[in-house]
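Here is the structure we will look at, set down as structure tokens.
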Amino acid sequence: MDQTLLNADPHAEIREEVRKLCARFPGEYWRELDARRGYPTEFVQALTEAGYLGALIPEEYGGAGLGLSAAAAILEEVQAQGCNGAACHAQMYIMGTILRHGSKEQKDKYLPGIASGELRLQAFGVTEPTSGTDTTALRTVARREGDKWIVNGQKIWTSRAEHSDLMLLLARTTPRDQVQKKTEGLSTFIVDMRTVLGKGLTIRPIRTMMNHNSCEVFFDNMEVPAENLVGQEGKGFRYILDGMNAERLLIASECIGDAKWFIEKAVNYAKERVLFGRPIGQNQGVQFPIAKSYAQMRAAEAIVHKGLEKFEAGLPCGEEANMGKMLAAEASWAAGEACVQTHGGFGFAEEYDVERKFRETRLYQVAPISTNLILSYLGEHVLGMPRSY
Ligand SMILES: Cc1cc2nc3c(=O)[nH]c(=O)nc-3n(C[C@H](O)[C@H](O)[C@H](O)COP(=O)(O)OP(=O)(O)OC[C@H]3O[C@@H](n4cnc5c(N)ncnc54)[C@H](O)[C@@H]3O)c2cc1C
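Take the sequence shown: its position 11, counted from the start at 1, is 11 in the UniProt record's numbering, and no numbers get skipped.
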């Protein structure tokens, strides 16, 4: 890998520390969890204790007060070491909604606990089975009754719901036909799941092709205290949108990390595996797909770094965040594909971890936003073509 760039990296020290931490969680650890779809409690605990999950929380609330590029470096390195940050990455960024739009009381009440890891804010309840990407068509409703909100509805793909104390929930508080714009009338709530589990809240895990701890959640007259509304009633969609650039840049960084893992693994194998009297990597048919995915990864990385720079400078970065997420997810997939192919049959053997990472990285072309929706953002908002929906 490019040593000059590595030396110039302002986060080289953090990366080194993350690498050391990840070395304690080798492939066998992840394989065993993958087989039983278990949650990596020890790994999440180690990241929490090291302060990485509180990286973005300001120091006044007990966090590390680091910038987004440091958080991106942490997550990239986790993936590049063969670990899986999906188990806890949301603890880093969901709290941004409370930080930016929450009341002083909410910040004082929740942020220190989230920073220390005592309070897990890992669940993000936006997607629903019927509305999917068409978020403003969501059907979960919250109705005000005295000092409470009564919530009814259902979410799907609420990742880590079983391993989270709090959930950030988006629900409709004014019916869609009673608002001028469909993006209005949605509100954001902090749900303390510990208080409502079994009393209006049901969580049902979904078994998926990779170990992701994603769930369906059901709300049946679930009570949420009035003071748990974040910001203004009806403005929740905007609050969620506000956090999306950060989320996209962080997920993109994870994809860059995945791509680096696949490329390193493929290169090493291509150099070691000898057939027909020479390493398979001497054949350009084996070299080129790996080299191509390296070029794709570097290009995506450059866009992601641009996005991080702009984000930290307080400049609009929607274009870079979206392009970076799409390109990085495609680069990690290309690198994964090259890695499987380079390994031949061994690419399918669990003990090589290639097939596990291959399954894990596929998600990012669909979630948290799918490629088509990114292209539509670029087509309409960046290039000014007509709106399609
Ligand atoms: C493992 C996993 C974890 C997840 N975690 C969370 C979570 O924690 N919280 C949460 O809220 N959500 C989560 N999601 C949901 C995720 O964000 C959605 O799956 C994703 O946004 C796509 O929505 P959908 O699945 O409803 O697909 P749909 O919206 O039904 O779309 C299906 C396909 O049609 C395409 N499509 C839809 N509309 C258009 C259009 N107008 N033009 C072109 N193409 C279109 C999409 O790109 C997609 O490929 C998770 C999903 C998965 C699989």
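The beta-carbon is built from N, C-alpha and C at its ideal position, and this holds for glycine as well.
Going by DSSP, Ile280 is part of no alpha helix (DSSP H) at all; its letter is neither H nor E. Exclusion of the five residues before and after Gly51 leaves Ala64 as the residues of its chain whose Cβ lies within less than 6 Å of its Cβ.
At least 8 Å separates the beta-carbon of Gly96 from that of Gly324.
Shortest gap from the CB of His212 to any heavy atom of ligand 1: under 7 Å. Per DSSP, Gln365 lies in no alpha helix (DSSP H) segment and is marked neither H nor E.
Contact between Ser332 and Thr361 holds: CB atoms are separated by about 4 Å, below the 8 Å threshold. The three-state secondary structure of Phe25, taken from DSSP, is coil. Looking at Glu42, Asp34, Ser69 and Glu13, the one whose alpha-carbon comes closest to that of Leu308 is Ser69. Ranked by Cα distance from Val196, the first of Ile369, Ala72 and Asp165 is Asp165. DSSP, read as helix, strand or coil, puts Ala123 in strand. When secondary structure is reduced to three states using DSSP, Trp333 falls in the helix class.
Rounded to whole angstroms, Arg248 and Arg298 show a C-alpha spacing of 17 Å. Classified as exposed, His381 has fewer than 16 neighbouring CB atoms from the shown chains inside 10 Å of its CB. Between Val354 and Lys265, the beta carbon gap of about 6 Å places them in contact (Cβ cut-off 8 Å). In this structure, the CA atom of Thr133 is about 52 Å from the CA atom of Gly277. With a beta-carbon spacing of about 19 Å, Thr140 and Arg160 fall beyond the 8 Å limit used to define contacts. DSSP places Pro40 in the coil class of the three-state scheme, outside both helix and strand. Nearest to Thr183 by alpha-carbon distance, out of Phe218, Gln45, Leu241 and Leu275, is Leu241. Counting along the chain, no beta strand (DSSP E) covers Leu68; the unbroken alpha helix (DSSP H) around it starts and ends at Leu68 to Ala80. Here DSSP, grouped into helix, strand and coil, assigns Lys235 to strand. Take Met385, set aside five residues on each side of it, and the residues of its chain with a beta-carbon closer than 6 Å to its own are Gly379, in chain order. Between the alpha carbons of Arg24 and Lys148 lies a distance of about 45 Å. Here the C-alpha atom of Met210 lies approximately 16 Å from the C-alpha atom of Glu337. The beta carbons of Leu21 and Ala55 sit no closer together than 8 Å.
With distances taken between CA atoms, Lys109 lies nearest to Glu227 out of Glu227, Glu28, Gly345 and Glu17. For Ala142, the secondary structure class from DSSP, reduced to helix, strand or coil, is strand.
For Gln154, the enclosing beta strand (DSSP E) stretches over residues Lys148 to Ile156. Short note on Gly125: C-beta closer than 7 Å to some heavy atom of ligand 1. For Ser187, the pairing in a beta bridge is given by DSSP as Ala171.
As DSSP reads the structure, Cys215 sits in a beta bridge with Pro205. Between Gly153 and Ser187, the CB-CB gap reaches or exceeds 8 Å.
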